[in-house]
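*Asks:* Residue numbers (my numbering), protein chains in the order written: chain A, 1 to 181; chain B, 182 to 282.
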Amino acid sequence: MSLSLLFFLLVGAVSLAAALGVVTSRQPVHSALFLLTNFATLAVLYITLDAQFLAAAQVIVYAGGIVILILFVIMLIGGDTNDFSAAHRAWSRTAGLALGVVLLLVISYSALSRMMAPTEDGAALLQGGTPKAVGMALFSDYVLPFELVALLLLVALIGALVLGRQPEGAGEGIPSVKANE
Amino acid sequence: MMLETSYYLVLAAMIFTVGATGVLLRRNALIIFMCIEMMLNSVNLTLIALARQWGNLEGQIFVFMIMAVAAAEVAVGLAILIANVRHQKSLNIDEINLLKW
Numbered sequence: 001m002s003l004s005l006l007f008f009l010l011v012g013a014v015s016l017a018a019a020l021g022v023v024t025s026r027q028p029v030h031s032a033l034f035l036l037t038n039f040a041t042l043a044v045l046y047i048t049l050d051a052q053f054l055a056a057a058q059v060i061v062y063a064g065g066i067v068i069l070i071l072f073v074i075m076l077i078g079g080d081t082n083d084f085s086a087a088h089r090a091w092s093r094t095a096g097l098a099l100g101v102v103l104l105l106v107i108s109y110s111a112l113s114r115m116m117a118p119t120e121d122g123a124a125l126l127q128g129g130t131p132k133a134v135g136m137a138l139f140s141d142y143v144l145p146f147e148l149v150a151l152l153l154l155v156a157l158i159g160a161l162v163l164g165r166q167p168e169g170a171g172e173g174i175p176s177v178k179a180n181e
Numbered sequence: 182m183m184l185e186t187s188y189y190l191v192l193a194a195m196i197f198t199v200g201a202t203g204v205l206l207r208r209n210a211l212i213i214f215m216c217i218e219m220m221l222n223s224v225n226l227t228l229i230a231l232a233r234q235w236g237n238l239e240g241q242i243f244v245f246m247i248m249a250v251a252a253a254e255v256a257v258g259l260a261i262l263i264a265n266v267r268h269q270k271s272l273n274i275d276e277i278n279l280l281k282w
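#1: Check for me: the alpha helix (DSSP H) holding A:Gly193 runs from which residue to which?
#2: Here's a check: name, in chain order, each residue in its chain whose Cβ is nearer than 8 Å to the Cβ of B:Asn225, leaving out the five neighbours to either side.
#3: With distances taken from CA atoms, which of B:Tyr188, B:Val204 and B:Met219 is nearest B:Asp275?
#4: Helix, strand or coil for B:Asn273? Go by DSSP, reduced to three states.
#5: Quick one: which chain A residues come within Cβ less than 7 Å of B:Val244?
#6: Can you round the beta-carbon distance between A:Ala137 and B:Leu238 to whole angstroms, since I take them to be within the 8 Å contact cut?
#7: Measure from the C-beta of A:Leu45 to each C-beta in chain B and report whether the shortest distance is under 9 Å.
#8: Between A:Thr37 and chain B, is any beta-carbon pair separated by less than 9 Å?
#9: For a contact meaning CB atoms closer than 7 Å, what does B:Ile196 contact in chain A?
#10: Which chain B residues are close to A:Ala40, counting only those with a beta carbon under 7 Å from its beta carbon?
#11: Can you tell me the Cα-Cα spacing of A:Ala182 and A:Leu71, whole angstroms?
#12: Quick check on the burial criterion: 16 or more other C-beta atoms within 10 angstroms. Buried or exposed for A:Asp141?
#13: Checking contacts by CB at 9 Å: is B:Asn222 closer than that to chain A?
#14: Which of helix, strand or coil does DSSP assign to B:Asn222?
#15: Is the separation between the beta-carbon of B:Leu211 and that of B:Leu262 shorter than 9 Å?
#16: List, in chain order, every chain A residue whose beta-carbon is nearer than 9 Å to that of B:Asn278.
#17: At the 9 Å Cβ level, is A:Leu10 part of the contact set with chain B, yes or no?
#18: Which class does B:Asn278 belong to by DSSP, given the choice of helix, strand or coil?
Below you can see the structure in the form of C-alpha cells.
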C-alpha cells in the first residue's frame, strides 16, 4: 500500500465520519462543527488533486464564511434538539435509509462502470490548479461567467438584506425556537 | 504517484449519499441546509478529480462558480430561515407548509 493511498484513506475516513456526524448529531452546533471538519478534509483532498487555489478558496469561503454564518444563525435563533420525529412516522427512517443505500449503489455503479484509467499525458498537461493558472483561465475565457457571478452575489446580498430586515414596528428582535415541545 | 480517480469518485458518492439521506431523515431545517452544503461539496470533489484526470482546468473553474453560487444560496437561505422563525417560531419542516397545496 503506497503512502498516498494510505493518506487518502485516512483523510477520506475522517471526511466520511464527519459527514455522518452532521446527520446524526442532535445539537445543531455539533452538526455545524462536523460540517467544518468535513470542509477542511475536502480542502486537504483538493491539494492532493493539484487544486491549490481551490483548496485555499474552500477554507476561506466554506470554513471561514459559510460555517461561521450558519453558527451565527444557530446562536441567533437557537436550535430545537428534538427533531427526530420518527415517533409519529416510524416508517420514515427505514425508508430514508433504504433510499440512501439505493442511491449509493446507483451512483457508484454509474461512476465506476465506464471509468477509464487516468491518462498520464493529460495529467502532465495540467500544470496544477495554482492561483496563476486558474486566474488566467478565469479572466480570459470565463470573464462573462465571472462577472455574472459577481452580479449574482450582489443580488443575493440585497435579497438577504430584504428578507432578514426587521419589519417596521416589531421591536422585539428575533425570537428563538421553542425548545423541545 | 497519482491515485486513481475512482477512489475520489467513490468517496464523493458516499458523502453525497450521507447528505441526501440526512435530507430525508432530519426535520430541522438548519441541518437539512448543512446536508445540502455537504452534497454540493461532494460534487465539487468529483469535478476536481475529473479535472485532474482529463488534464483540463475547466472543472476547477466550475467549482469556483459553484462556490460563489453556494455562498449566495447560503445567504438567502439563512435569511429565509430567520424570516420563518420570526413568523412561525419553528424550524421544523413539518410546520413550514404554507406553500403546500
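Quick reminder that beta carbons are idealized off the backbone N, C-alpha and C, glycines included. Since this is a predicted model, take the numbers as computed values, not measurements.
*Replies:* To lay it out plainly:
#1: Nothing in the structure corresponds to residue 193 of chain A, since chain A is present only between 1 and 181.
#2: The residues are Val244, Ile247 and Met248.
#3: It is B:Val204 whose Cα lies nearest to the Cα of B:Asp275.
#4: The answer is strand: DSSP assigns B:Asn273 an E or B state.
#5: Under the 7 Å cutoff, chain A gives Leu54.
#6: The pair is a contact, with the Cβ atoms about 5 Å apart (cut-off 8 Å).
#7: At a cut-off of 9 Å, the C-beta of A:Leu45 has a neighbouring C-beta in chain B.
#8: With 9 Å as the cut-off, A:Thr37 does not count as an interface residue toward chain B.
#9: What B:Ile196 touches in chain A: Ser15, Leu16 and Ala19.
#10: Within chain B, no residue comes near A:Ala40; the closest Cβ sits about 11 Å away, beyond 7 Å.
#11: Any property of residue 182 of chain A remains undetermined from this structure, which presents chain A solely from 1 to 181.
#12: Counting C-beta atoms within 10 angstroms of its own C-beta, A:Asp141 has fewer than 16 neighbours from the protein chains shown and is therefore classed as exposed.
#13: Contact with chain A is found for B:Asn222, since one of that chain's Cβ atoms lies less than 9 Å from the residue's Cβ.
#14: Helix at B:Asn222.
#15: B:Leu211 places its beta carbon less than 9 Å from that of B:Leu262.
#16: Chain A residues near B:Asn278: none, gap ~14 Å exceeds 9 Å.
#17: It does not: the Cβ of A:Leu10 has no partner Cβ on chain B nearer than 9 Å.
#18: Secondary structure at B:Asn278: coil, using DSSP grouped into helix, strand and coil.
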